[in-house]
Amino acid sequence: PEIAVDILLHESPRNVHDLRGVNANNPCPYLPGNGGLLYAIGMMAGGWDGAPEVDREKGEAPGFPRNGQWFIKAEGFKPAP
Numbered sequence: 003p004e005i006a007v008d009i010l011l012h013e014s015p016r017n018v019h020d021l022r023g024v025n026a027n028n029p030c031p032y033l034p035g036n037g038g039l040l041y042a043i044g045m046m047a048g049g050w051d052g053a054p055e056v057d058r059e060k061g062e063a064p065g066f067p068r069n070g071q072w073f074i075k076a077e078g079f080k081p082a083p
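Going from the sequence shown to our numbering is simple: count from 1 and add 2.
Encoded structure:
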């Protein structure tokens, strides 16, 4: 999970999002990069088939590091196939 977070938040001229979460380098309001980021965060919060078991009461989610620095609150996310 630490690597996934690092990749999603990697500083790069092509990995820039504005306050709305839209890729700032392009004029279109929706791009695959936007959907990819949203899907990845959804999987990190909701899990996937075969994801590790987590204790949601302790703020754990399958795709986020369990290093004491994250407390995840998410509801309604279903595991991705």
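Note that the Cβ used here is the ideal one computed from N, Cα and C, for glycine as well. Since this is a predicted model, take the numbers as computed values, not measurements.
Handout entry: Neighbour-count burial assignment, Asn69, 16 or more Cβ in a 10 Å radius
Key = Working through the sequence shown from its first residue, we reach residue 69 at position 67. Looking at its Cβ environment, which holds fewer than 16 other Cβ atoms inside 10 Å, Asn69 is exposed.
Handout entry: Through-space distance from Asn17 to Gly61, alpha-carbon basis
Key = One-based indexing of the sequence shown puts residue 61 at position 59. One-based indexing of the sequence shown puts residue 17 at position 15. Using only the alpha carbons, I get a separation of about 27 Å.
Problem - Segments assigned alpha helix (DSSP H), at least 4 residues, entirely inside the region 3 to 69 - result: Counting whole runs of 4 or more residues, the region 3 to 69 contains the alpha helix (DSSP H) stretches 4 to 10 and 34 to 48.
Practice task
Confirm, please, whether the CB-CB distance from Ala53 to Pro81 is below 8 Å.
Solution key: What you label residue 81 is simply residue 79 of the sequence shown in a count that begins at 1. What you label residue 53 is simply residue 51 of the sequence shown in a count that begins at 1. Judged by their CB atoms, Pro81 and Ala53 are nearer to each other than the 8 Å cut-off.
Exercise for the section: Find the nearest neighbour of Asp51 within the set Val7, Phe79, Ala6 and Ile9, judged by alpha-carbon distance. Expected result: On the sequence shown, position 49 is the one that residue 51 refers to. Checked all of Val7, Phe79, Ala6 and Ile9; the closest Cα to Asp51 is Phe79.
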